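Peer 1: Quick one: the structure is below, questions incoming.
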C-alpha cells in the first residue's frame, strides 16, 4: 500500500512537466493533452488487468460501465462515481461530485481554466481500462464548478 | 533551577515518537499499483522525449525534488517527528517512518561511514519497480531516480544539504537496491533581504 499524497504530487509533476516541455518547444496545447491522455491510457490498461483478475465475466456494456463506476473508481480514487447516465446508444456520462485530483485546487470557479490539464490523465485512464475490456471509446471531461466534473464516454461501434 | 535541568534531560530522552503509521494513515492509503504504473508511464514518456538516459535521470531527479519539497510538509504535519539532532536520527526517521508511511516498506540502514555523515538505505523490494524490466539499450537509466530527488528536496526543506544516489539496483542485476546518502552541510537560515 502506498500513500495517496505520493500519487497526487506525482500527478501534479506529470502535468507541469508535460506542459513545461511544450512551452520550450512548439507550445501546442492539444499535444500536451494527448500526451497526458496516452500516459493515462497505458496506466488504465495495466490497472484493469489487475482489478478484473477475480471478477466474474461481464454480461454486457452496461455491466462493464457499472464495474468502472464502482470497483475501478473505488480502487483508484477511493469513492464511487456519483451518477451514471446513458442514452442507451453508446453515450455514458459519469459524474463525480468531488473529483480527487481537483478537490485541493478550488471549490468554485477559480482556476477553472486550468482544470482540463488535470483531467486528461483520468480520461485516458478510463479509455485504457475500457479498451482492455474490448470497448473502443472516446472519453472527454468537462467541469463547470470544481471539484465536480463529468466524464463523457462515447462508445465507438466497430 | 533543578526543574529546568530535569526538563532538559527529558526532552533529550524522548526525542521522537515513532508512529508505525500515522493515526490518519488509513484515510490516505491507496492502491500502490496506480502509483507504480503511473510512474512507469512517466519514465516511458521521458525515454521517448529525451535522447539519452542521462537527461532522463536528471529530469526524474528534478521532478522528485519538486515532490520532496512539498512532501516534507505533508510528512511533518502527519507524523509526530520533530527536529532531528543528528544524521543518525535523520536516517532512522527516513527509513522507519517516512518510507513506511509513503511506500509501505522499511529499508535497513547500513554502511555508516566512520564520521557518521554517510549511510546506505537497503531496499528489499522497491515498489516503484514492481512490473519493470529494463531493456538492454537503457543500461545507464536509473529507473527509480525520482526517489533521490524526493529525499534531497525534503531534507533541503529542513536545512540539510544531502547528496543522494543509487549505489546498487536490482533492475541492473544487483542483489539489493541501495541508496547512498551523504550529508554535505547544514543550510543556515537566511534572513530575507533588507532585514537585520
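Residue numbers (my numbering), protein chains in the order written: chain G, 3 to 160; chain H, 29 to 224. For every residue, glycine included, the Cβ atom is placed at its ideal position computed from N, Cα and C. Computed from a predicted model, the values in this text were never measured in an experiment.
Round the Cβ separation of residue 114 (chain G) and residue 148 (chain G) to the nearest angstrom and send it over; I've been treating them as touching at under 8 Å.
Peer 2: Right, the Cβ-Cβ distance comes to about 7 Å (below 8 Å), so this counts as a contact.
Peer 1: Using 9 Å as the limit for Cβ to Cβ distance, is residue 83 (chain G) near chain H?
Peer 2: Not closer than 9 Å to any Cβ of chain H, the Cβ of residue 83 (chain G) fails to qualify, so no.
Peer 1: Label residue 64 (chain G) either buried or exposed according to how many other C-beta atoms from any shown protein chain fall within 10 Å of its C-beta, with 16 as the threshold for buried.
Peer 2: The residue is exposed, with fewer than 16 neighbouring Cβ atoms inside 10 Å.
Peer 1: Do the CB positions of residue 73 (chain G) and residue 53 (chain G) come within less than 9 Å of each other?
Peer 2: Going by C-beta atoms, residue 73 (chain G) is nearer than 9 Å to residue 53 (chain G).
Peer 1: For residue 88 (chain H) versus residue 159 (chain H), is the C-beta distance shorter than 9 Å?
Peer 2: Taking 9 Å as the Cβ cut-off, residue 88 (chain H) and residue 159 (chain H) do not qualify as a contacting pair.
Peer 1: What are the partner residues of residue 151 (chain H), as DSSP defines its beta bridges?
Peer 2: DSSP, once it has assigned bridges, lists H:205 as partnering residue 151 (chain H).
Peer 1: Relative to the C-alpha of residue 98 (chain G), which candidate in G:144, G:8 and G:51 has its C-alpha closest?
Peer 2: Residue 98 (chain G) has its Cα closest to that of G:144, out of G:144, G:8 and G:51.
Peer 1: Less than 9 Å between the beta carbons of residue 8 (chain G) and residue 130 (chain H), yes or no?
Peer 2: Yes.
Peer 1: Just the chain C side, please: which residues come within less than 7 Å of residue 102 (chain H) by C-beta, in chain order?
Peer 2: This model lacks chain C altogether, as its protein chains are G and H.
Peer 1: CA-CA distance, residue 201 (chain H) and residue 94 (chain H)?
Peer 2: For residue 201 (chain H) and residue 94 (chain H), the distance between alpha carbons rounds to 29 Å.
Peer 1: Compute the distance between the beta-carbons of residue 192 (chain H) and residue 152 (chain H), then report whether it is under 9 Å.
Peer 2: It is not a contact, given that the beta carbons lie outside the stated cut-off.
Peer 1: At which residue ranges does the stretch 61-116 of chain G contain complete beta strand (DSSP E) runs of 3 or more residues, listed in the order of the chain?
Peer 2: Correct list: 85-88 and 93-98.
Peer 1: Below 7 Å on C-beta distance, what does residue 91 (chain H) contact in chain G?
Peer 2: Here the neighbours are 15 and 19.
Peer 1: State yes or no: is the C-beta of residue 60 (chain H) within less than 9 Å of the C-beta of residue 57 (chain G)?
Peer 2: No, these two residues do not count as a Cβ contact at 9 Å.
Peer 1: Could you round the C-beta distance between residue 187 (chain H) and residue 214 (chain H) to whole angstroms and report it? I think they count as a contact, below 8 Å.
Peer 2: So it is a contact: roughly 6 Å between Cβ atoms.
Peer 1: If you count every other CB in all the chains shown that lies within 10 Å of the CB of residue 50 (chain H), and 16 or more means buried, which is it?
Peer 2: Low confidence applies here, because residue 50 (chain H) scores a pLDDT of 49, under 50, leaving its location unreliable and the question unanswered by this model.
Peer 1: Using a Cβ cut-off of 9 Å, pull out every chain G residue sitting near residue 205 (chain H), in sequence order please.
Peer 2: What residue 205 (chain H) touches in chain G: nothing, since even the nearest Cβ is about 17 Å away.
Peer 1: Assuming residue 144 (chain H) and residue 115 (chain H) make a contact with CB atoms under 8 Å, what is their CB distance in whole Å?
Peer 2: With 8 Å as the limit, residue 144 (chain H) and residue 115 (chain H) qualify as a contact, their Cβ atoms being about 6 Å apart.
Peer 1: Spatial neighbours of residue 29 (chain H) within its chain, please: C-beta separation below 6 Å, excluding the five flanking residues on both sides.
Peer 2: Confidence at residue 29 (chain H) is low in this model, with a pLDDT of 44, below 50, so its placement is unreliable and the value that follows should be read with caution. There are no such residues.
Peer 1: Just curious, the beta strand (DSSP E) that residue 128 (chain H) is in, first and last residue?
Peer 2: Note, residue 128 (chain H): premise wrong, no beta strand (DSSP E); alpha helix (DSSP H) at 127-131.
Peer 1: In the structure shown, what three-state DSSP assignment does residue 122 (chain H) receive?
Peer 2: In this structure, residue 122 (chain H) counts as helix in the three-state DSSP scheme.
Peer 1: Taking a cut of 7 Å between CB atoms, which residues from the stretch 39-61 of chain G lie near chain H?
Peer 2: Answer set for the stretch 39-61 of chain G: 41, 44, 45, 48, 49 and 52.
Peer 1: How should residue 160 (chain G) be labelled, buried or exposed, when 16 other C-beta atoms within 10 angstroms of its C-beta is the threshold for buried?
Peer 2: Under this definition residue 160 (chain G) is an exposed residue.
Peer 1: Just by C-beta distance, which residues in the stretch 61-80 of chain G are closer than 8 Å to chain H?
Peer 2: Per Cβ criterion, the list reads 77, 78 and 80.
Peer 1: For the stretch 108-120 of chain H, which residues have a beta carbon sitting closer than 9 Å to at least one beta carbon of chain G?
Peer 2: Cβ contacts with chain G come from no residue of the stretch 108-120 of chain H.
Peer 1: Where does residue 131 (chain G) land, buried or exposed, given buried means 16+ other C-beta within 10 angstroms?
Peer 2: Answer is buried; the Cβ neighbour count reaches 16.
Peer 1: Report the option in G:100, G:96 and G:10 whose CA atom is closest to the CA atom of residue 66 (chain G).
Peer 2: Ranking the options by Cα distance to residue 66 (chain G), first place goes to G:96.
Peer 1: Starting from the C-beta of residue 154 (chain G), find all residues in its chain whose C-beta is less than 6 Å away, skip the five residues before and the five after it, and write them out in chain order.
Peer 2: Closer than 6 Å at the Cβ level, and outside the excluded window around residue 154 (chain G), lie 95 and 142.
Peer 1: Could you list which residues in chain H have their beta carbon closer than 7 Å to that of residue 24 (chain G), in chain order?
Peer 2: Result: empty, since nearest Cβ-Cβ is about 10 Å, beyond 7 Å.
Peer 1: Give me whichever residues DSSP pairs with residue 146 (chain G) in a beta bridge.
Peer 2: Beta-bridge pairing links residue 146 (chain G) to no other residue.
Peer 1: According to DSSP, residue 154 (chain G) sits in a beta bridge with which residue or residues?
Peer 2: Residue 154 (chain G) is bridged to G:95 and G:142.
Peer 1: Can you give me the C-alpha to C-alpha distance between residue 174 (chain H) and residue 140 (chain H), rounded to a whole angstrom?
Peer 2: Rounded to whole angstroms, residue 174 (chain H) to residue 140 (chain H) spans 23 Å at the Cα level.
Peer 1: So what does DSSP say about residue 216 (chain H), is it helix, strand or coil?
Peer 2: Correct three-state label for residue 216 (chain H): coil.
Peer 1: Quick check on DSSP: helix, strand or coil for residue 137 (chain H)?
Peer 2: Residue 137 (chain H): strand per DSSP, three-state reduction.
Peer 1: Would you please verify whether the beta carbon of residue 122 (chain H) is less than 9 Å from any beta carbon of chain G?
Peer 2: No, no contact with chain G.
Peer 1: Is residue 70 (chain H) near residue 19 (chain G), with beta carbons less than 9 Å apart?
Peer 2: Against a cut-off of 9 Å, the Cβ pair of residue 19 (chain G) and residue 70 (chain H) comes out as a contact.
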